[in-house]
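The opening position of the sequence shown corresponds to residue 79 in our numbering, with each subsequent residue numbered one higher.
For reference, the structure is listed below as structure tokens.
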Amino acid sequence: MARLPTKLRTYRALGVRNVARVAAYRFGLKTGLHPVLRIAAERPEGPFFRASEAALPFAPREDWRETMPWFGHASRALDGAPPDWHRSYETGEHASADAPWHQLPDFDPALGDIKAVWEASRFDWAIAMATRAAAGEGGDLDRLNVWLADWIAKNTPFIGPNWKCGQEASLRLLHLALCAVILEQDGDSEPALLDFVALSCRRIAPTMSYAIAQANNHGTSEAAALFVGGSWLARHGRSEGQRWARVGFKWLDERAATLILPDGSFSQSSIVYHRFMLDTYVFATLWARRHELAPLAEATHTRLARATRWLHAMAQPESGDAPNLGPNDGSRLFALTDGPYRDFRPTLQAASALFLDARAIDAGGPWDRMLDLFGEARPDTVLEEASTTHFTDGGFGVLREGRAMALLRFARFPFRPAQADVMHVDLWVGETNVLRDDGSYSYAADTRFGSSTMHNAVTFDGREPMPRVSRFLWGDWPHAETSTDARSITARHRDANGNTHVRTLSLSSDSMTVEDDFSGEAETATLRWRLLPGDWALEDGVARLGEVEIRIEGVPPDAISIETSEESRHYFERTVVPVLTARAPMSATLVTTVSF
Numbered sequence: 079m080a081r082l083p084t085k086l087r088t089y090r091a092l093g094v095r096n097v098a099r100v101a102a103y104r105f106g107l108k109t110g111l112h113p114v115l116r117i118a119a120e121r122p123e124g125p126f127f128r129a130s131e132a133a134l135p136f137a138p139r140e141d142w143r144e145t146m147p148w149f150g151h152a153s154r155a156l157d158g159a160p161p162d163w164h165r166s167y168e169t170g171e172h173a174s175a176d177a178p179w180h181q182l183p184d185f186d187p188a189l190g191d192i193k194a195v196w197e198a199s200r201f202d203w204a205i206a207m208a209t210r211a212a213a214g215e216g217g218d219l220d221r222l223n224v225w226l227a228d229w230i231a232k233n234t235p236f237i238g239p240n241w242k243c244g245q246e247a248s249l250r251l252l253h254l255a256l257c258a259v260i261l262e263q264d265g266d267s268e269p270a271l272l273d274f275v276a277l278s279c280r281r282i283a284p285t286m287s288y289a290i291a292q293a294n295n296h297g298t299s300e301a302a303a304l305f306v307g308g309s310w311l312a313r314h315g316r317s318e319g320q321r322w323a324r325v326g327f328k329w330l331d332e333r334a335a336t337l338i339l340p341d342g343s344f345s346q347s348s349i350v351y352h353r354f355m356l357d358t359y360v361f362a363t364l365w366a367r368r369h370e371l372a373p374l375a376e377a378t379h380t381r382l383a384r385a386t387r388w389l390h391a392m393a394q395p396e397s398g399d400a401p402n403l404g405p406n407d408g409s410r411l412f413a414l415t416d417g418p419y420r421d422f423r424p425t426l427q428a429a430s431a432l433f434l435d436a437r438a439i440d441a442g443g444p445w446d447r448m449l450d451l452f453g454e455a456r457p458d459t460v461l462e463e464a465s466t467t468h469f470t471d472g473g474f475g476v477l478r479e480g481r482a483m484a485l486l487r488f489a490r491f492p493f494r495p496a497q498a499d500v501m502h503v504d505l506w507v508g509e510t511n512v513l514r515d516d517g518s519y520s521y522a523a524d525t526r527f528g529s530s531t532m533h534n535a536v537t538f539d540g541r542e543p544m545p546r547v548s549r550f551l552w553g554d555w556p557h558a559e560t561s562t563d564a565r566s567i568t569a570r571h572r573d574a575n576g577n578t579h580v581r582t583l584s585l586s587s588d589s590m591t592v593e594d595d596f597s598g599e600a601e602t603a604t605l606r607w608r609l610l611p612g613d614w615a616l617e618d619g620v621a622r623l624g625e626v627e628i629r630i631e632g633v634p635p636d637a638i639s640i641e642t643s644e645e646s647r648h649y650f651e652r653t654v655v656p657v658l659t660a661r662a663p664m665s666a667t668l669v670t671t672v673s674f
């Protein structure tokens, strides 16, 4: 663990104001003085939605009939009754439903990862049922009301794990708002539904300062929930909503200016969290248009346009998949399709239409559903194909040649890095991810994920390039110098242990070359390439699978081996991957050539 000087430098890098906000929040909870501990409310009593004559402009979702989708990759059987809202579907253990939420630990060894409890309470099922109800399946309207009533009955306001996080309350509120749009009841809502919205806003508002201090999607999603929820209540004559709407609107603009960098990179350096952020702004924008509210600032629109281009540069056009970059905790908002969790096209299409006035995907398809639901026309213009783009503010270089795409993640950290992924390289040939990133698996279970050994990078004497300060915080962030051209990018940084690494990535239509030079106090360097799963053959130091060949020069063949590790393409999922490994003295220069 990091020493005190490292911790102090890291806290300073986080920002004195943000550190003070977190400290004040924790002090308030510990002493019982925080205003969030004084909120109270009655349970809403349904029904929440009534029979609707809405015409759904697309096919309804099929999920949540007999199975519960699990973090986008697996299913859990449903017996017809609502889920057990306090059960961890990871461990089978139950969180206390009766304890005040602030007394529950973030990481309970017996319970496991609390996200396994929260997942069923994010109300993805409500969207699925609402689409079926709008398509004329009357039984699903009844089921939707029954499940909402059951959730309220078993989650006493502000008691238990499902009230622990303001962001979780925000996701429920936003999903209820989407349900109301689907059923065309957002303009004339049932009193119980409005009571539920107000209940959620009361939980979100007092801890908004803590959400802002995180400098991540907590602030954007909670701002969106207050804006949507507050304006929704105000539309129905509930004056308390006006204040919440003003607060949410203010923070939506401020967070975009602060957390979205000029090149479009987002503070969290994660493909999934980038989508999450864009989804909240897409929905807030569509909601404002639908209800003739003031639009977000032009500067916010500009930042969102650049953030959309960032996602466009990363996603593969045919499948919508993208590098498994940064934390991947299974988050996906507003699922109007049963399509793959790793398909980023629905977000990309909606964001492109709203913020770039263009279609990211030319042909019509399920990626158009959010626009169709809100009656938004598909723009006439089609985005140009993604090409080589360097996002130097956020620390990403994306090279494209023909069907190949290579990504270099280099050390630029305006915000705290979530993973030790400096100098990571991802390689895609068409829709095949040949060299891959690791993912997250579980924030509570395995801290190997996110470490430097789980990336396509070089480690020196087996040490991390940054020391860990805490579970979610790295210290002494390096800073890379870069040079770029149309087909290559070079990055150079000095890590916290005094080792200097220079990596040059070049790409052509049939090969990728990576040159690694290093120097410093370390004795050995270990290069790792995390490979597409398959029956790789290694002969004379050359690895082959089908038409892919990987050759490492600068070390003898007996210094090269294929080992095994794990990856997590979805949260709570891990699978074995082969890792091509080369060990070299610090005097070596390694050149890796991948032919395909």
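Note that the Cβ used here is the ideal one computed from N, Cα and C, for glycine as well.
These numbers were taken from a predicted model, which means no experiment stands behind them.
Taking just the CA atoms, how far does residue 486 sit from residue 667?
So the two alpha carbons sit approximately 19 Å from each other.
Taking the continuous alpha helix (DSSP H) assigned at residue 673, which residues delimit it?
It is not in any alpha helix (DSSP H) - residue 673 instead sits in the beta strand (DSSP E) that spans 667-673.
Contact under 7 Å by Cβ, residue 357 with residue 403
With a cutoff of 7 Å on beta-carbon distance, residue 357 and residue 403 are scored as not near each other.
I want to know whether the segment 300-320 touches the segment 118-137 - three or more CB-CB distances under 8 Å.
The segment 300-320 makes no contact with the segment 118-137: fewer than 3 CB pairs, one atom from each, lie closer than 8 Å.
How many angstroms separate the CA atom of residue 222 from the CA atom of residue 269?
Cα to Cα, residue 222 sits roughly 16 Å from residue 269.
I need the straight-line Cα distance from residue 490 to residue 472, nearest angstrom please.
Going from the Cα of residue 490 to the Cα of residue 472 covers about 6 Å.
Return the bridge partner residues of residue 599 from the DSSP annotation.
In the DSSP output, where bridge partners are listed per residue, residue 599 has none listed.
Give the DSSP-derived three-state secondary structure of residue 290 in the structure shown.
Under the three-state reduction of DSSP output, residue 290 falls in the helix class.
In whole angstroms, what is the alpha-carbon distance linking residue 652 and residue 369?
Inter-residue distance for residue 652 and residue 369 is about 44 Å (C-alpha atoms, whole angstroms).
Do you know whose CA, among 567, 587, 596 and 582, lies nearest residue 573's CA?
Ranking the options by Cα distance to residue 573, first place goes to 596.
Please report how far the alpha carbon of residue 281 lies from the alpha carbon of residue 255, in whole angstroms.
Rounded to whole angstroms, residue 281 and residue 255 show a C-alpha spacing of 17 Å.
With DSSP as the reference, label residue 174 as helix, strand or coil.
Three-state result, residue 174: coil.
Continuous beta strand (DSSP E) stretch holding residue 630: start and end
Per DSSP, residue 630 belongs to the beta strand (DSSP E) from 626-631.
Apart from the five residues on each side of it in sequence, which residues of its chain come closer than 6 Å, Cβ to Cβ, to residue 149?
Cβ neighbours of residue 149 beyond the five flanking positions: 408, 648, 649 and 650.
Given this structure, state the Cα-to-Cα distance separating residue 567 from residue 584, to the nearest angstrom.
If you take the alpha carbons of residue 567 and residue 584, they lie about 7 Å apart.
Is it true that the CB of residue 400 sits closer than 7 Å to the CB of residue 59?
As shown, the chain starts at 79 and ends at 674. That puts residue 59 outside it, with no answer to give.
What residue from 469, 406 and 426 has the CA that sits closest to residue 342's CA?
Comparing Cα positions, the closest option is 469.
Three-state class that DSSP yields for residue 190 in the structure shown:
In the structure shown, the three-state DSSP call for residue 190 is strand.
What span of residues does the alpha helix (DSSP H) with residue 511 cover, start to end?
In the DSSP assignment, residue 511 falls outside any alpha helix (DSSP H) and within the unbroken beta strand (DSSP E) covering 510-513.
Alpha carbon to alpha carbon, how far is residue 104 from residue 444?
Approximately 43 Å, taken between the alpha carbons.
Expressed to the nearest angstrom, what Euclidean distance is found between the alpha-carbon atoms of residue 661 and residue 603?
Each residue's Cα considered, the two are about 6 Å apart.
Measuring alpha carbon to alpha carbon, tell me which residue in 130, 605 and 164 is nearest residue 633.
Of the candidates 130, 605 and 164, 605 places its Cα closest to the Cα of residue 633.
For the putative contact between residue 100 and residue 288, defined by C-beta atoms under 8 Å, what is the C-beta separation to the nearest angstrom?
In this structure, residue 100 and residue 288 form a Cβ contact; the two beta carbons are roughly 7 Å apart against a cut-off of 8 Å.
Alpha carbon to alpha carbon, what distance is there between residue 193 and residue 145?
A direct Cα-Cα distance of roughly 19 Å separates residue 145 from residue 193.
Would residue 577 and residue 538 be called neighbours here (beta carbons separated by less than 7 Å)?
Yes, the Cβ-Cβ distance between residue 577 and residue 538 is below 7 Å.
Limits of the alpha helix (DSSP H) - the one that residue 357 falls within
That run of the alpha helix (DSSP H) goes 349-368.
Specify the secondary structure class of residue 500 as computed by DSSP and reduced to three states.
In the displayed model, residue 500 falls within coil according to three-state DSSP, outside both helix and strand.
Under 7 Å between the Cβ atoms of residue 179 and residue 108?
Contact flag unset, no.
Specify, as a first and last residue, the run of the alpha helix (DSSP H) that residue 332 falls within.
Start and end: 318-337.
Can you have a look at residue 425 and say buried or exposed, based on whether 16 or more other CB atoms are within 10 angstroms of its CB?
Looking at its Cβ environment, which holds 16 or more other Cβ atoms inside 10 Å, residue 425 is buried.
Test item: CB-CB of residue 416 and residue 398 under 7 Å
In this structure, residue 398 does not lie closer than 7 Å to residue 416 by Cβ.
Whose C-alpha, out of 219, 262, 611 and 143, is nearest the C-alpha of residue 513?
The option with the nearest alpha carbon to residue 513 is 611.
Anticipated Cβ contact below 8 Å, residue 607 with residue 670, distance rounded
At roughly 7 Å, the Cβ-Cβ gap stays under 8 Å, so residue 607 and residue 670 are in contact.
Answer with buried or exposed for residue 654, where buried requires no fewer than 16 other C-beta atoms within 10 angstroms of its C-beta.
With a 10 Å radius around the Cβ and a threshold of 16 neighbouring Cβ atoms, residue 654 comes out exposed.
Considering residue 476, what are the terminal residues of the alpha helix (DSSP H) in which it resides?
Residue 476 -> not in any alpha helix (DSSP H); beta strand (DSSP E) instead, spanning 474-479.
If residue 339 and residue 378 are in contact, beta carbons under 8 Å, what's the gap, nearest whole angstrom?
About 14 Å; that fails the 8 Å criterion.
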